[in-house]
Amino acid sequence: MFWFELWREFKLSIAEILSAFKNKEVFFVNKKILILSWISKDEILEKSKFLWGTIKIFEILWSKNTSENHKKDIEEIFLNDFWIEKYIWKFNYWVNIFWNTSLKTDDLLKVSKNAVKSFWLNPRFLNHDKKNLSSIVIIKEALIKKETDFNFLFVEDKLFFWKTIFVQDIYSYSNRDYSKSRDMNVWMLPPKLAQMMINLWNNFLKKDLVIYDPFVWLWTVLIESVYMWNKLVFWSDKSESMVSSSTKNLEKLLKNFKFDFKIIKQNAKYINEVDFLDKVDLIVSEWFLWEIMTKNNISIERIDRSKKILIDLYISFFENLKKVNYKNNIVISFPFWDIKWKYLFFDEVYDIIKKDFLVINLLENNTFQSTKEWSLLYKRDSQLVWREIFLLKLK
Ligand SMILES: C[S@@+](CC[C@H](N)C(=O)[O-])C[C@H]1O[C@@H](n2cnc3c(N)ncnc32)[C@H](O)[C@@H]1O
1 MFWFELWREF KLSIAEILSA FKNKEVFFVN KKILILSWIS KDEILEKSKF
51 LWGTIKIFEI LWSKNTSENH KKDIEEIFLN DFWIEKYIWK FNYWVNIFWN
101 TSLKTDDLLK VSKNAVKSFW LNPRFLNHDK KNLSSIVIIK EALIKKETDF
151 NFLFVEDKLF FWKTIFVQDI YSYSNRDYSK SRDMNVWMLP PKLAQMMINL
201 WNNFLKKDLV IYDPFVWLWT VLIESVYMWN KLVFWSDKSE SMVSSSTKNL
251 EKLLKNFKFD FKIIKQNAKY INEVDFLDKV DLIVSEWFLW EIMTKNNISI
301 ERIDRSKKIL IDLYISFFEN LKKVNYKNNI VISFPFWDIK WKYLFFDEVY
351 DIIKKDFLVI NLLENNTFQS TKEWSLLYKR DSQLVWREIF LLKLK
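Below, the structure is given as structure tokens:
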């Protein structure tokens, strides 16, 4: 059994995990964690490095019924179920606790420290603010390799004891985000979301996914595709300067990754003119979300103006994909707006996509539902224009 600690957009995280680990049994899910059973550790470790919606993954070591005295329960685990002989003398460790226990971290540390000492080891705690350990410290202290980041989960009358086997490599993610030259007035997909959009359709069974972004600008989606070791990427953009500036990112990547690519200048309205669509497994993209709006200047008039421009392109874009019978998949994000604390969705684009395309429910048979349109939402508190993500397939 493995426990996935979910990112703040938990529905997106759950959809990504269930797409990557198709048909695995969901043992438990809530807004913070998803527990899968009947799955191998190898499969988890192989795919987890590409799962951006997962903060940490824990492997179950032990579970037992709790008694009234949780402190006693923890002590017993440390004394009996711990395989202490495999640890070195200098024992740098930390214990995270989750849920229904009145135990304070201090109690836990005292109990565990005495137990560890009883095995003649020299315990050292790694967290001074007594909170659950952040990924940064786990990476810095190499606790995954040392297998000394422990997690206790109290659920009803059960105590589950886990060790952390994976934490998200936040350094490489932020490096991807901040290393790109960008214009803050033009929407760029957050690399994390770009990776998750790929994974919403990706069950990792098909090696070398061929991904195409027809609104490429900064290459955000394709960089993620190359980081996943995919060997072929296609991209296009209407603007010559975007095609050339995206080439810069390309050169940087070619230093570390071997892959083929094709760039063309193309107005996506006439995507039927593209001659490589039959080689594409997945179109993953986001055009503009249009105007950046603030609390002081957001208005229905401005939103309607944005919608008008977006509708004009999307009508042709989807009609022409149908014209060339593009049978593979599309993961695409459209804007929606937060105006006076009410969500204003882009209903008009629903009619455009539903005319010829099926919307795939990204959270089927799950405790949590996708929207009534079967999309998933991505919001950033600092903004008023947010993202609605769809997985589409030609009818
Ligand atoms: C907001 S940017 C896309 C950013 C991209 N999703 C990213 O995260 O890097 C929109 C891009 O669409 C391009 N574009 C605008 N109209 C287009 C059209 N009709 N066909 C193709 N590209 C277009 C612009 O040149 C710009 O590069």
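With our numbering, the residue at position 43 of the sequence shown is 43, and numbering never jumps.
Each residue gets a CB set at the ideal place from its N, CA and C atoms; glycine is no exception.
Can you look up leucine 189 in the DSSP assignment and give me helix, strand or coil? coil
Nearer than 7 Å: is that true of the beta carbon of threonine 220 relative to any heavy atom of ligand 1? yes
Close-in-space but distant-in-sequence residues of the same chain around serine 236 (CB under 6 Å, 5 per side omitted): Pro214, Ile264, Gln266
Are isoleucine 165 and isoleucine 57 close, meaning C-beta to C-beta below 8 Å? yes
Less than 8 Å separating the beta-carbons of valine 284 and isoleucine 352? no
Go through its chain and collect everything with a Cβ distance to glycine 53's Cβ below 6 Å, but skip five positions before and after it. Trp7, Leu12, Ser13, Glu16, Met196
What do you reckon, is the C-beta of phenylalanine 400 under 7 Å from a heavy atom of ligand 1? Any question about residue 400 goes unanswered here, given that the chain covers just 1 to 395.
Within the present structure, is the beta-carbon of methionine 188 separated from the nearest heavy atom of ligand 1 by less than 7 Å? Flag set: Cβ of methionine 188 near ligand 1.
Output the distance between the C-alpha atoms of aspartate 338 and phenylalanine 10, rounded to the nearest integer angstrom. 20 Å
heavy atom of ligand 1 below 7 Å from phenylalanine 288 C-beta: yes
Serine 333: buried (16+ other C-beta within 10 angstroms of its C-beta) or exposed? With 16 or more other Cβ atoms within 10 Å, it is buried.
Asparagine 30, DSSP secondary structure in three states: coil
Where do the N-terminal and C-terminal ends of the alpha helix (DSSP H) with valine 349 fall, by residue? 347 to 356
Assess contact between the segment 281 to 297 and the segment 383 to 391, defined as three or more Cβ pairs (one per stretch) separated by less than 8 Å. Is contact present? Taking a contact to require three or more Cβ pairs closer than 8 Å, the segment 281 to 297 and the segment 383 to 391 qualify as touching.
On a Cα-Cα basis, can you pick out the residue from Phe346, Leu394, Val95, Phe204 that is closest to glutamate 46? Phe204
Return the bridge partner residues of isoleucine 332 from the DSSP annotation. Ser285, Phe390
How is aspartate 278 classed by DSSP in three states: helix, strand or coil? Under the three-state reduction of DSSP, aspartate 278 is assigned to helix.
Throw me the rounded Cβ distance for the lysine 279 and valine 226 pair, which I believe falls under 8 Å. That belief does not hold up - the Cβ atoms of lysine 279 and valine 226 are roughly 16 Å apart, past 8 Å.
Give the single residue among Ser134, Ile360, Glu76, Leu126 whose Cα lies nearest to the Cα of valine 111. Glu76
Is it right to say asparagine 96 is buried, meaning 16 or more other beta carbons lie within 10 angstroms of its own, or is it exposed? buried
Determine contact between the segment 63 to 76 and the segment 110 to 125, defined as no fewer than three beta-carbon pairs at a distance below 8 Å. yes
According to DSSP, phenylalanine 261 sits in a beta bridge with which residue or residues? In the DSSP assignment, phenylalanine 261 is bridged to Val233.
Note the first and the last residue of the continuous alpha helix (DSSP H) segment covering serine 316. 300 to 323 is the extent of the alpha helix (DSSP H) around serine 316.
May I ask you to check if the CB of alanine 115 is nearer than 7 Å to at least one heavy atom of ligand 1? Taking 7 Å as the cut-off, one finds no heavy atom of ligand 1 near enough to the beta carbon of alanine 115.
Which term fits tyrosine 171, buried or exposed, when burial requires 16 or more other beta carbons within 10 angstroms of its beta carbon? Classification of tyrosine 171: exposed, given that the 10 Å Cβ count is below 16.
Could you give the first and the last residue of the continuous alpha helix (DSSP H) run that contains tyrosine 270? For tyrosine 270, no alpha helix (DSSP H) run applies, since DSSP gives it neither H nor E.
Taking 7 Å as the cut-off, is the C-beta of serine 306 nearer than that to any heavy atom in ligand 1? no
Please identify the residue among Leu79, Lys104, Glu156, Phe98 whose C-alpha is closest to the C-alpha of phenylalanine 119. Leu79
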